[in-house]
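Read the structure below first, then the notes.
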Amino acid sequence: MQRVLIVLAVLLLLATGLVYVYQDDVKEKAYAKLTENMFVAGDDDDFDPGPALGSDFPGVRARYQGQQIQLLAPFAGTNGTVFIASRSLDWCPYCMKQMVQLQQHKPGFDAAGIGMVAITYDTPEQLRAFAERHGITIPLLSDIDAMTFKTLGILNQQYQSGDAQYGIPHPGMIVIDPEGKVVGKLFLEAYSSRVDSAAALAYARQALAL
36 MQRVLIVLAV LLLLATGLVY VYQDDVKEKA YAKLTENMFV AGDDDDFDPG
86 PALGSDFPGV RARYQGQQIQ LLAPFAGTNG TVFIASRSLD WCPYCMKQMV
136 QLQQHKPGFD AAGIGMVAIT YDTPEQLRAF AERHGITIPL LSDIDAMTFK
186 TLGILNQQYQ SGDAQYGIPH PGMIVIDPEG KVVGKLFLEA YSSRVDSAAA
236 LAYARQALAL
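Here this note's numbering is used: the first residue of the sequence shown is 36, the next is one more, and so on.
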């Protein structure tokens, strides 16, 4: 009996070691399965938080590369800007997959003269780690005390100060023209669904009359 227990203990130890060694692979496979049907062809619901169409984009209060950012001018394209609000690039698999897909479509946005910039409640260190791991060149801003999301009217109020997820926004995109006017928005009520990047580019081009 004692020998059986020893064998079981060794097997359990080996299994635990294998899980630890391959935990990233296991996580990636789990995320891939969870997010396999997340992309949709367009904004097909009435959920529409954020600044009104035609209004002036109010700016941000965020950190980027050790500096405090208030304006999107450094990230703007000649024909406009797509501002991407994301829940978290540290723990939200939908946000991670969306950002990777947006990066893949970045050449199309660049060719259209549309700048891209994203913002989350993650720390600058978490954003830097994600960008390095996935080769993300889209600028990633860190919101300060959820002030940007509050100002824009997209703060997820399901969570209260002190909650681990307090400070996340409703994920979505805001299209801003060269004069700083909000000319388009893509927000879906279901955080597990995101507009496909190719469709988002087509929408941004239409909103900017390109």
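The beta carbon of each residue, even a glycine, is placed where N, CA and C say it ideally should be. These figures come from a predicted structure and were not determined experimentally.
The ligand SAH and P142: does the residue's C-beta get closer than 8 Å to at least one heavy atom of that ligand? Among the components modelled here there is no ligand, and therefore nothing to report on the ligand SAH.
Can you name, in chain order, every residue of its own chain whose Cβ lies under 8 Å from the Cβ of L236, other than the five neighbours on each side?
Along the sequence shown, read from residue 1 onward, the residue named residue 236 stands at position 201. Around L236: H140, G143, F144, A147, I149.
Sequence-distant residues of its chain with Cβ nearer than 6 Å to A50 (five each side left out)
If you number the sequence shown from 1, residue 50 lands on position 15. Because the pLDDT of A50 is 48, which lies under 50, any placement of that residue in the model is unreliable, and the number read from its coordinates should be weighed accordingly. Excluding residues within five positions, none has a Cβ falling inside 6 Å.
Worksheet item: What are the start and end residues of each continuous beta strand (DSSP E) run of 3 or more residues lying completely inside the segment 168 to 192, in chain order?
Response: Secondary structure within the segment 168 to 192: the beta strand (DSSP E) runs of 3 or more consecutive residues, fully enclosed, are 175 to 178 (chain order).
ask   = CB M131 to CB Y66, shorter than 9 Å?
value = Taking the first residue of the sequence shown as position 1, residue 131 is located at position 96. Taking the first residue of the sequence shown as position 1, residue 66 is located at position 31. Cβ atoms of M131 and Y66: closer than 9 Å.
I need the straight-line Cα distance from L137 to S232, nearest angstrom please.
Residue 137 sits at position 102 when you count from the first residue of the sequence shown. Residue 232 sits at position 197 when you count from the first residue of the sequence shown. Their Cα atoms are separated by approximately 6 Å.
Just to confirm my understanding: we take D157, look at its own chain, exclude 5 residues before and 5 after, and list those with CB closer than 7 Å. What are they?
Here residue 157 refers to the residue found at position 122 when the sequence shown is read from its first residue. Result list for D157: S123, L124, D125, S177, in chain order.
**Study point:** Nearest neighbour of L107, chosen from V152, S196, G188, D79 [CA to CA]
**Key:** For the purposes of this step, residue 107 is taken as the residue at position 72 of the sequence shown. Nearest neighbour of L107 by Cα position, chosen from V152, S196, G188, D79, turns out to be V152.
What is the rounded straight-line gap between the Cα of M134 and the Cα of F222?
-> Here residue 134 corresponds to residue number 99 of the sequence shown, with the count starting at 1. Here residue 222 corresponds to residue number 187 of the sequence shown, with the count starting at 1. Computed Cα separation, rounded: 15 Å.
Considering only C-alpha positions, which residue in the set K220, R98, R240 is nearest to I189? Locating residue 189 in the sequence shown gives position 154, where the first residue counts as 1. Here the closest residue by C-alpha is K220.
| said: Below 8 Å on the Cβ atoms is my contact criterion, and I expect P204 with A120 to pass it. Report the Cβ-Cβ distance as a whole number of Å. | reply: Taking the first residue of the sequence shown as 1, we reach residue 204 at position 169. Taking the first residue of the sequence shown as 1, we reach residue 120 at position 85. P204 to A120, Cβ: 4 Å. Contact.
Of the choices E224, Q241, R240, whose alpha-carbon is the least far from that of D79? Translated into the one-based positions of the sequence shown, residue 79 becomes position 44. For the set E224, Q241, R240, the Cα lying nearest the Cα of D79 is the one of E224.
Collapsed DSSP secondary structure at G143 in the structure displayed:
As a working mapping, residue 143 is identified with position 108 in the sequence shown. Here G143 sits in helix by DSSP.
Here's the rule I'm using: 16 or more other beta-carbon atoms within 10 Å means buried, otherwise exposed. How should F82 be labelled? To locate residue 82, count along the sequence shown from 1; it is residue 47. Residue environment for F82: exposed (fewer than 16 other C-beta atoms within 10 angstroms of its C-beta).
Quiz prompt | For A164 and K185, the rounded distance between their alpha carbons | solution = Here residue 185 refers to the residue found at position 150 of the sequence shown. Here residue 164 refers to the residue found at position 129 of the sequence shown. Annotation: K185 to A164 spans about 26 Å, alpha carbon to alpha carbon.
* Ignore the nearest five residues each way along the sequence and tell me which others in G207's own chain have a CB closer than 6 Å to its CB. => Residue numbering aside, residue 207 sits at position 172 when the sequence shown is read from its first letter. Here the set comprises A120, L221, F222.
Alpha carbon to alpha carbon, what distance is there between R98 and A166? Translated into the one-based positions of the sequence shown, residue 166 becomes position 131. Translated into the one-based positions of the sequence shown, residue 98 becomes position 63. The straight-line gap from Cα to Cα measures roughly 15 Å.
Residues in the same chain with beta-carbon distance under 7 Å from P84, minus the five sequence neighbours each way, listed in chain order, please.
Walking along the sequence shown from the start, residue 84 turns up at place 49. Taken in chain order, the residues that qualify are G188, I189, H205, F222.
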